[in-house]
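K.L.:
Got a structure here, written out as structure tokens. Questions coming.
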Amino acid sequence: MDKVPMTVRGEQQLRTELERLLKRRPIITQAIGEARELGDLKENAEYHAAREEQGICEAQIRDIEYKLSVAQIIDIAKMPNNGKVIFGSTVGLIDINTDEEVSYQIVGDDESDIKKHLISINSPIARGLIGKEAGDEVSITTPGGVKEFEIDSVEYV
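For any residue, its number in our numbering is found by taking its place in the sequence shown, counting from 1, and adding 28.
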């Protein structure tokens, strides 16, 4: 079983969601019990809805517990900044063609959110940046075509 990299923030988000789901468990069980008391289970919509919710909740709990069990938590803030782009680093980029500036943090698959400038370690951009340093120019093949960037900054925050 390979370990999957995850930031400290990503681990905390998963643990918070797990706590929320575990607190939901007894509420769902109670709803099933109350629905069961209403009589015939074949045509009892409340019972079937509660059972479906229970199944979804249990699947989410198992999924999060698995993700946490294979996670390798990396605290980038505790690492010495050697200037190289690594997992967890925040990279400032300048698009060579448009001079547009953008910043991305390289995170695990479950944490990625392009709207928040969090890109997956497995994305084409992150794979093209890993191991590079500030001042380097990189050409990255993305689904939208080849992008050329200059790495402006590399931060370990």
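From the three backbone atoms N, C-alpha and C, an ideal C-beta is built for every residue, glycine too.
Owing to the predicted nature of the structure, the values given are computational and were not obtained by experimental measurement.
For E81, name the three-state secondary structure that DSSP assigns.
P.N.:
In the structure shown, E81 sits in a helix (DSSP, three-state: H, G or I).
K.L.:
Is G136 closer than 8 Å to S151 when the C-beta atoms are compared?
P.N.:
Going by C-beta atoms, S151 is not nearer than 8 Å to G136.
K.L.:
Determine which residues share a DSSP beta bridge with M107 and list them.
P.N.:
M107 pairs with nothing; no bridge assigned.
K.L.:
Give the DSSP bridge partners of I134, in chain order.
P.N.:
Answer is I147, bridged to I134.
K.L.:
Measure from the alpha carbon of N125 to the alpha carbon of each residue in R53, K31, G173, then state which is nearest.
P.N.:
It is G173 whose Cα lies nearest to the Cα of N125.
K.L.:
Where do the ends of the alpha helix (DSSP H) carrying G156 lie?
P.N.:
It spans 152-157 - the alpha helix (DSSP H) in which G156 sits, taken as one unbroken run.
K.L.:
Between the Cα of I122 and those of E45, R64, Q58, L157, spot the shortest distance and give me the residue it belongs to.
P.N.:
Considering only alpha carbons, the answer is L157.
K.L.:
State whether the region 158-168 contacts the region 60-79, with contact taken as three or more CB pairs (one from each stretch) at a distance under 8 Å.
P.N.:
In short, these stretches do not touch, since the Cβ pair count stays below three.
K.L.:
For V113, which of E39, Y184, K144, K31 has the nearest alpha-carbon?
P.N.:
Closest by alpha carbon: Y184.
K.L.:
Report yes or no: do three or more beta-carbon pairs, one from the region 83-97 and one from the region 45-63, lie closer than 8 Å?
P.N.:
Touching, yes.
K.L.:
Is it true that the CB of V166 sits closer than 8 Å to the CB of P111?
P.N.:
First, the amino acid is wrong: residue 111 is Gly here, not Pro. Not in contact: G111 and V166 (Cβ atoms no closer than 8 Å).
K.L.:
Please name the residue, chosen from R43, E129, S117, R48, that lies closest to L96 on a Cα-to-Cα basis.
P.N.:
Nearest of R43, E129, S117, R48 to L96, Cα basis: R43.
K.L.:
So, at 6 Å on beta carbons, what are the nonlocal neighbours of N109 in its own chain, with the 5 sequence-adjacent residues on each side left out?
P.N.:
So the list reads Y184, once near-sequence residues are dropped.
K.L.:
Please return the same chain residues whose Cβ sits closer than 8 Å to the Cβ of S140, not counting the five positions on each side in sequence.
P.N.:
Excluding positions up to five away in sequence, the list reads L146, I147, S148, S151.
K.L.:
Pick helix, strand or coil for S97, following the three-state DSSP scheme.
P.N.:
The answer is helix: DSSP assigns S97 an H, G or I state.
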